[in-house]
Every structure is written in C-alpha cells, then in structure tokens.
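Asks: Okay, here's the structure, questions in a sec.
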Amino acid sequence: MAEVAEAGPPLRGARLRLSAALWRRPWLKLVALLALPVLAFAVVYLGSLVALFISSFWQVDSFTGKVVHIWTLDNFQTLRDDPVYRRIALRTIAIAAAVTVTDAILAFPLAYFMARIAPSRLRALLFVLVLLPLWSSYLVRIYSWRLILAKDGALNWALNGLGLPDANLAYTNTAMWIVFSYVWLPFMVLPVYAALERIPSSYLEASQDLGARSWRTFRTVILPLALPGIVAGSIFTFSLTLGDFITPALVGGANSQFIGNVVHNYVGISNNVPLAAAFATLPVIVMAVYLVIAKRLGAFEAL
Amino acid sequence: MTGTPKRILGWGALALLVGALAVTAAGCGGGGGAGSKTSSTSTAASGPSSIGKGEGKLNLIEWPYYSDASFANKFTKQTGCVIHRKDAGSSNEMVSLMRQGGGGGGGQWDLVSASGDASLRLIRGGDVKPVNVHLIPSWNDFIPIFKSPAHNTVDGVHYGISLQWGPNVLLYNNKKIKPGPTKWNALYDPKYKGQITIPNNPIQIADAAFYLMHSKPSLGITDPYELNKAQFDATVNLLKQQKKLVKLYWVYDTDGRAAFANGDVNLGAIWPVDTLALQAKKVPVTEVIPKDGATGWADTWMLAKKAPHPNCAYLWMKYVTTPPVQAKQALVFGETPVNPKACPFMDKIQAGSCAKYHLNEPLPYYNTIKFWKTPIADCGNGKNDCMDYNAWQKAWTEITG
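Line order of the protein sequences matches chains A and B.
Note that our numbering has the first sequence beginning at 1, numbered continuously upward.
Note that our numbering has the second sequence beginning at 1, numbered continuously upward.
Now the structure itself:
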C-alpha cells in the first residue's frame, strides 16, 4: 500500500540537466512548445498565400503555355474589364449569402430546441442526427442529391404521386442552393447551439419577471446573446460555399459557374495559373472583410 | 486588463481563419513556380536506335482502362516491366500531372496517353521528347493519317505513337425525340431548348466551328482548330446563342451519361463509349455521326522528357500497337484502333465490331473527321493570326460563365 503518490525515481544525468535548463529558461520551453505550429503556420498558411499573391502578377507565354516571371497587372485588368468575371463573382457571393441565411433560419429553431428544451437523451440523439451526414463523403451526398433532383428522380416521383407536375430543379442554381444549404447545415447548428446553451436561465426568468412577453424576451435577450453564434456559423457556411467548385460542377447547370470553377479551369485546362491566382485573391479579400465584420459582432468569442 | 486575453484570442482566431481560407484558395495557385526552366522543342534526330533491356518498371498517366489487365498482364510477363498507373479524368489533368515536379513528367512518369487537345501543349511546353518510330514495327501498318498526324508530329519529328481514336458523336434519346436528328444543327435548334448537354471543354469551340464550316461557307473556315479573329468571333457568338438551350455542360463524360440516364437531357454531344454504356443500361439512345463528319479525338502514347524507364516505355508502345492488343483495347474502351490489321482480331472477339467502329472504312472517311489539336497562333498560313488556346479558354469562360 502506497501511502503517498511516489515521485518516481530521481532524474539523473542528461535528463536532469535538460529538466534544469528548461526550468531556468522558461522561454526555451515556450519555443519548444510553439516552434512546430508557428513554423507550419508561417510556411503552410502564409507561404501559400504569398505564393498565390505573387503568381497573380505573372503571365503565361502563349506559345509554350508556361508561366513567365514578368511582373504585370494584366490579370487584374482582365478581371476588372471583362464583365463575365464580375458576373461569376457576384453569383458566387450571392449564392453563398443565400445559403448562409437559409442555414441560419433552419438552424436556429433546431439549435434552440436542442439547447434549451430537449431532455439530455433526446439532445444526444439530435446531435448524432445533425452530425450523421458528415460521416459520409461530401461527394456521395452531392451525387445522391443529383439522383433526388433528376427528372426521373425521387422528388418528381413523389410530386407526380401527389398529382403535381415535375419540379425542374436538376442542373439549376436552385439545385445548388438546396445542396449547399444541406451540406453546410451542421456547421451552422453547432455554434448556434453553443451560444444558446450559454445563456443563463436566470436572464430569461428575469425578463419574464419584469413583464416581457415571450416575443420580447426572444428579441431583446435571446437573439442578441445568440447572435455571435449565428455569425460564427455564418463564417463557415459563407466561406465554404464561396470556395466550392464541386457542387456547381455536379448539380449546377449552364449558368452555374463559381469562382472556384473558373480557377479550376484556368489551372487545369489552359495552365494559366497567374489569371487563376488573380481571381482566387478575390474570395480571400471578401472573406477578410467578412471576418472583420464578424469579429466586430463578437463571433470569435462564440466559436 | 481582463479583456485583453479574449481580444488576443479573437484576433488569433481571425488570423487562423484567414490563413485557412488562404490555403484553400491557394491550393490551385501554388504550383506557379514550377515552370521556370527553359523549354526546347528539339529537332535533333529522334530517340535511341534500339530498345535495351526493360528496367522492371513502367509508370503511366492514362485514360482509365488504357492498361487494362486483360492485355497488360501479358506484357508484364513478357518484359518484366511492372506497370504503375495513374488514371486521369481529363486532358487537363494529364497536362497538370506531366508538369508537376518541374515538368517533363517530373522524373516520375514514363508515358502519357495524351489526346490531341493536350499533345501539342505537351510538345510546346517541352514536357515530352522525340520518339524513334522505327523501333515500333506496327507503325508501318497504321492508317496513313495516324502515322504523322499534326497533333503529335511537329516539323517531321514524332513525339509519340498514335494509339486509338474515336469520333465525337451526336446522341439522342429515341423515345423522347422523334424523328431523330441527323445533322449537327440539332444542337443549335431552339426546338430542343433545355434538353441539350455539351462537353464543358474549350475544345468544344471547334465543334461549333465545324458546324459553321459546312453551314456558313462564307466565313471561309477550312480547319475548325485554326480560326482567325472574325471566324472565332462568329463561332463564339453561335455558342452564346446555344447556351440558352443547354441544360448541362458536362465536365466528365460520366456526368453527361448520368444526365441521359436520369432523363434530364435528351440530346447532346458525347463519346461512343458513353453510348455503349447507356445502351448496356437499356437507356433508349441512338448515336449519329452526321454525313458532314464530326470532330474526333485521337490518343498518343507520348514519352516524358524525364522518363526514368525509357526501355519499358518503348516495349509498351511496341506491344500496344500490335493487332491483337489493339483489338482488345478498342473493345475494352469502345474506340477504334489505328492499326487496321486489328480488324480480324476485333471480329473474333465480337462479331461485326470492326465495321461498327469504322475500322474498315475507305480513306476518304477519315478526312471527314477533324481530330482535336491544340489551337496555336501560328496556324501555318504564315500570318500568325489564329486564336491560340488561351484565347479559346477565355472565350469558353465567357460563354459558360
């Protein structure tokens, strides 16, 4: 029977010296701890951003199809002057915004129920259900939506069974909106849930004690406190939609090109990396602005 | 003071997210530094004078099934070259793969089964090297137009060995569209609005140019891959009109196939392999090659400039062009050999298949098929005024964007 937890055998030799050195110089401990993540951040995260930005000022030799390292603003001029890029950028941003709003509207009641009403067993079950789609591949889910929305698919079959005409949703922007809203919904539910769960019940009781009806309590107490959670969720839904190119390629139609598709085509087909890089900086700028606004709204405390 | 840690945390999270986003966005842009080495389109004597002993390994970038086990296993047994394959989904992916690691196949790849819309890009980019066709005995038997086609032979130097080819066909659902169309004008006919699918590929501009070549002779188009500004603009205009009728621009042919199978489209441009797959699934589709002809693709095994196993590569090119292997591959993939001696072998595997795949056609037939080649500014008229592939890509973005 050990009466006191043993301190282990005393350190000897090199291990002792190492331990002493770390104790004497706390900054060494910090360096050892942070060197790897900081290096990864600087090289992988920032390095690729810089590479992207630099290559957007280069151009392609039309004869060999190779990148020539001559500084030029041509790529940005093309993006500015050619209306097609504006159209594609606006479409991408508009659909990302629509998906974000849709997910916020769908996620809020669900998250509220999970956080404040459901008993703990049901809550666990709902968590599993919300996360269940993430267990399967993103591609599988998109393909299954294509089968649902197809002309001879499940949706039209059900509609026809009810005596309704076909819904021509396959290969449209509406189809993209539905599929995006579906695949990113869990990323909205979780932060909203976290924000709602953190509201102390006493606030709601106080509100009621002071005579506020439920709508007013919702508007002046719950919503402001849940807002950071909604904004946090919107960062995910917005940025994930903004950067996607698979969903537009698979369920989008003749008018569904996203920024990502253009980037993909320019890199893959004509090997015009500089123009692709120039176009790819646009979502980075959009997200930077979005994140600054989100921070103002307190989203990062709710993550 | 109490607010500070939280604030730092907030900014830290912000920076992290910006960084994460940058990585996502830069994923495509990162390879920019790779192409700096100078290219040389060598006109020196072509390749080695004999094939040495195999190196035991062969790394291929290929269309799926281009080294199908049904004929590749025998090759490995004969030569000891073990095949490592990377299936590519598109011509563009092939070019990208070849240009990784400093280009020329990056010292990793030996051969690439490039189609005509990729092969000139690889030649101009210095990613492939000349091949000595005299080491490939079957080359002498090839249908003449596949011996030195413009998409793999430049200034008399061969950059690969032709392999197989196929037309781009007009496909329609014969239950939904009656009477069936017989000409390419169906793809530009408002009657079929919302039922049409078209490949999402800039080379598709050539299909519209091919149609204009016959329907609007005043434009003076003689080759759908060599378009001057006026001809190009007329073609792009036609495609912009066509867009209003298009339901889906397919990226992978299997997506176009699925759209036919699910009833989302009833008419479109696609490949014979898809016709066969759809008919096997009992989808009521009929394939047409209009009388005027069609655009087509022809694949070439091209030798990477930095090929680490050149002997195995030559042995493979020699093997896959022999008649029995040509026949086997044609029927595995649904395409046509370049070696007409494969005809009896095809019929032996599947009666009537030689005629079905047009291998026994007289020579004039092949002149009606305009094979994919990468458009370049110098299109042989001495004026250097043709629209190059970058212009095609930009116009295609404008059309589909």
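Just so it is clear, CB atoms sit at the ideal spot from N, CA and C, and this is done for glycine as well.
Note that the coordinates shown come from a computational prediction; the quantities given were computed from them, not determined experimentally.
#1: Could you check whether the Cβ of tyrosine 112(A) sits closer than 7 Å to any Cβ belonging to chain B?
#2: Which two residues bound the contiguous beta strand (DSSP E) that contains glycine 102(B)?
#3: Quick one: what does DSSP say asparagine 200(B) is sitting in, helix, strand or coil?
#4: Rounding to the nearest angstrom, what Cα-Cα distance links proline 362(B) and histidine 214(B) in this structure?
#5: Please confirm whether arginine 296(A) has its beta-carbon closer than 7 Å to some beta-carbon of chain B.
#6: Since glutamate 205(A) sits in a beta bridge, which residues does DSSP pair it with?
#7: Could you give the DSSP three-state label for histidine 309(B): helix, strand or coil?
#8: Consult DSSP for phenylalanine 371(B) and reduce its assignment to one of helix, strand or coil.
#9: Which residue's Cα is closest to the Cα of tyrosine 290(A): Ala277(A), Gly260(A), Asn265(A) and Ser239(A)?
#10: Put proline 64(B) into one of helix, strand or coil per three-state DSSP.
#11: For a test of the three-state rule: what should DSSP assign to proline 109(A), helix, strand or coil?
#12: Can you give me the C-alpha to C-alpha distance between glutamine 350(B) and valine 332(B), rounded to a whole angstrom?
#13: Could you check the C-alpha separation between leucine 139(A) and lysine 29(A) for me, to the nearest Å?
#14: Could you check the C-alpha separation between valine 263(A) and asparagine 384(B) for me, to the nearest Å?
#15: By the 7 Å beta-carbon criterion, what residues does the region 215-231 of chain B contribute toward chain A?
#16: For chain B, is any of its Cβ atoms less than 7 Å away from the one on isoleucine 309(A)?
#17: Whole beta strand (DSSP E) runs in the region 281-362 of chain B with 3 or more residues, listed along the chain?
#18: Starting from threonine 235(B), find everything on chain A with Cβ-Cβ shorter than 7 Å and list it in chain order.
#19: Mind checking glutamine 326(B): buried by the 16 CB within 10 Å criterion, or exposed?
#20: Quick test of the definition: if touching needs 3 or more C-beta pairs under 8 Å, does the region 222-229 of chain B touch the region 127-140 of chain B?
#21: Is the beta carbon of asparagine 75(A) closer than 7 Å to that of leucine 275(A)?
#22: Taking the straight line between their C-alpha atoms, what separation do you get for lysine 244(B) and alanine 118(B)?
#23: Give me the residue from Ser67(B), Thr397(B) and Met302(B) with the minimum Cα distance to leucine 120(B).
#24: Does threonine 24(B) come out as helix, strand or coil in the three-state DSSP assignment?
#25: Would you check if there are 3 or more beta carbon pairs closer than 8 Å linking the region 293-309 of chain B to the region 177-195 of chain A?
#26: Based on DSSP bridge pairs, tell me the residues matched to serine 162(B).
#27: Who are glycine 268(B)'s beta bridge partners in DSSP?
#28: Are there three or more Cβ pairs, one per stretch, closer than 8 Å when the region 265-281 of chain B is compared with the region 68-84 of chain B?
#29: Excluding the five sequence neighbours on either side, which residues of its own chain have a C-beta within less than 6 Å of the C-beta of tryptophan 184(B), listed in chain order?
#30: Where alanine 115(A) and glutamate 197(A) are concerned, what is the direct C-alpha to C-alpha distance, given to the nearest angstrom?
#31: Does the beta-carbon distance from leucine 284(B) to lysine 175(B) come in below 7 Å?
#32: Does DSSP put arginine 141(A) in a helix, in a strand, or in coil?
Replies: So, to answer that:
#1: no
#2: Careful: glycine 102(B) lies outside any beta strand (DSSP E) and carries neither H nor E.
#3: coil
#4: 22 Å
#5: no
#6: Answer by DSSP bridge pairing: none, since glutamate 205(A) is not bridged.
#7: coil
#8: strand
#9: Ser239(A)
#10: coil
#11: helix
#12: 11 Å
#13: 44 Å
#14: 28 Å
#15: none
#16: This structure cannot settle anything about residue 309(A), because the visible part of chain A is limited to 1 through 303.
#17: 285-288 and 294-303
#18: Residues of chain A passing the Cβ test: none, with the nearest at roughly 17 Å.
#19: buried
#20: no
#21: yes
#22: 29 Å
#23: Met302(B)
#24: Only weak support exists for where threonine 24(B) lies, its pLDDT of 42 falling under 50; the value from the coordinates is given anyway. The answer is helix: DSSP assigns threonine 24(B) an H, G or I state.
#25: no
#26: Thr300(B)
#27: Leu171(B) and Thr197(B)
#28: no
#29: Tyr211 and Pro290
#30: 5 Å
#31: For clarity, residue 284(B) is proline in the given sequence; the question names leucine instead. Result yes, Cβ atoms of proline 284(B) and lysine 175(B) sit closer than 7 Å.
#32: helix
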